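All residue numbers for the sequence shown refer to numbering that gives the first Met the number 0, where the first residue is 0 and numbers rise by one.
Heads up, the beta-carbon is just placed ideally off N, CA and C, and yes, glycines get one too.
Keep in mind that this is a model prediction, so the values were computed, not measured.
Working notes, structure below.
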Amino acid sequence: MSSCVNTSCTAQEFICHGLLVEVLHENPELLIFNISFQILNSIAATFGNVLALLAIWRTPSLHSPSNTLLFGLAVSNLGVACLAQPLHVVFQVSMYRDDRDVKSCAINITGFFLNVFFSMVTLLTMTLISIDRYLAISLHLRYREIVTITKIRILLCFLWAVGCAAAMVSFSTFEIFQWTVVALELFCLSVVFYTWIRIHKIVRRHRAQIQQQQIQIENQPFNMLKFRKSTLSCKLLIFVYWFCYLPQFICLIFLKFNREKNSFLALFISCTAVVLNSSLNPLIYFLRQEDMRTSVKQILRSITRCQEQH
């Protein structure tokens, strides 16, 4: 079948019969490297996110709105690692073996849909995390009254519905899908950028007030030290997210103007960078949150003791 390179192709046609498939078939070394990387990353991401979920679930001190958001983020990352990545690996193996049948096409379409779905959920959750940090510093003591775990759970369900709707766009033309993803990522990036500018201004104003009043930060009703520590963790999460996703964002825009093989090859490599996010996030949780790190150590000790008993 002829390659699908024009904008009227559906995303499914592009995935199964597009120029990207030819590019992959012409670069077996890249396929081997990517398959190996995806397998290792999938294992690491699964292990890390399962530990994060267990730590939050089992530790009462971690039951907060902010950690509920991290729980939702870990679930979406686990979806990438356990569902989307294995299907993508199976498809790449079929490309390496030159098996371009209906079955391999169906596997790739399913993996593509799941990858888009979980990636959009991750993007939206990251945006909500930024908004949560802004509300925490702007609402002060009212934060715990207004922002509750129940409300966060409802918002997460809504975000998952939006992520599903965004993934459904993949059944439209590739151009519509392409610009839907770009628009959503641009919107979320703008919200994140705005909230962190506001957070920076509020923190700076609080510092000035504290210095003028000569009051120790620890004596403030709003614990600024604790807030700054949690804010830094969120900044790291968002930085890692955009480090992994920005190349794909740029490649999708570039594809509008250049549909040569090198452009599709760059898109494929950028998609590999995307899945790296799911294994890096748990590292940030464990390094930045002492309660979660302690809980993870207890879980690992329990697993070790069970193995020794058997």
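Whole-number beta carbon distance between residue j and residue i, since they are thought to touch under 8 Å
i, j, result
"residue 34", "residue 91", "5 Å"
"residue 131", "residue 65", "6 Å"
"residue 251", "residue 191", "Wrong, their Cβ atoms sit about 18 Å apart, outside the cutoff."
"residue 80", "residue 129", "At roughly 24 Å, the Cβ-Cβ gap does not stay under 8 Å, so residue 80 and residue 129 are not in contact."
"residue 294", "residue 44", "At roughly 19 Å, the Cβ-Cβ gap does not stay under 8 Å, so residue 294 and residue 44 are not in contact."
"residue 126", "residue 187", "4 Å"
"residue 280", "residue 72", "6 Å"
"residue 82", "residue 298", "Not a contact, Cβ separation roughly 23 Å."
"residue 165", "residue 101", "Not quite, the Cβ-Cβ distance comes to about 26 Å (not below 8 Å), so this is no contact."
"residue 38", "residue 88", "6 Å"
For residue i, the nearest candidate out of the options (CA to CA)
i, options, result
"residue 173", "197, 130, 255 and 86", "255"
"residue 52", "74, 38 and 244", "74"
"residue 98", "15, 281, 195 and 275", "15"
"residue 58", "308, 156, 292 and 245", "292"
"residue 232", "189, 195 and 78", "195"
"residue 29", "70, 235, 281 and 265", "265"
"residue 230", "202, 156, 246 and 163", "202"
"residue 237", "253, 261, 290 and 189", "189"
"residue 77", "117, 100, 175 and 86", "117"
"residue 27", "110, 96, 166 and 287", "96"
"residue 159", "272, 36, 119 and 101", "119"
"residue 247", "177, 31, 36 and 32", "177"
"residue 36", "289, 273 and 305", "273"
"residue 46", "31, 290 and 285", "285"
Distance, residue j Cα to residue i Cα
i, j, result
"residue 150", "residue 124", "14 Å"
"residue 270", "residue 301", "36 Å"
"residue 169", "residue 106", "15 Å"
"residue 218", "residue 283", "In this prediction, residue 218 scores a pLDDT of 49, lower than 50, which makes its location untrustworthy; no coordinate-derived value is stated."
"residue 19", "residue 94", "11 Å"
"residue 103", "residue 48", "28 Å"
"residue 112", "residue 296", "35 Å"
"residue 263", "residue 22", "7 Å"
"residue 216", "residue 70", "Low confidence applies here, because residue 216 scores a pLDDT of 47, under 50, leaving its location unreliable; read the following figure in that light. Rounded to the nearest angstrom, the two C-alpha atoms are 30 Å apart."
"residue 338", "residue 171", "The shown model of the chain, from 0 to 309, leaves out residue 338, and the question about it has no answer."
"residue 145", "residue 63", "13 Å"
"residue 136", "residue 260", "48 Å"
"residue 249", "residue 243", "11 Å"
"residue 148", "residue 68", "9 Å"
"residue 8", "residue 275", "29 Å"
"residue 287", "residue 228", "8 Å"
"residue 234", "residue 143", "22 Å"
"residue 253", "residue 199", "33 Å"
"residue 307", "residue 110", "38 Å"
"residue 175", "residue 303", "50 Å"
"residue 13", "residue 197", "41 Å"
"residue 240", "residue 108", "24 Å"
"residue 25", "residue 245", "26 Å"
"residue 267", "residue 185", "20 Å"
"residue 183", "residue 162", "10 Å"
"residue 0", "residue 156", "Per-residue confidence for residue 0 stands at a pLDDT of 45, beneath the threshold of 50, marking its modelled position as unreliable; no derived number is given."
"residue 141", "residue 133", "13 Å"
"residue 138", "residue 193", "17 Å"
"residue 167", "residue 152", "23 Å"
Write down every uninterrupted run of the alpha helix (DSSP H) in the segment 65-132 whose length is 4 residues or greater and which is fully enclosed by it, in chain order.
Unbroken alpha helix (DSSP H) stretches of 4 residues or longer found wholly inside the segment 65-132: 84-95, given in chain order.
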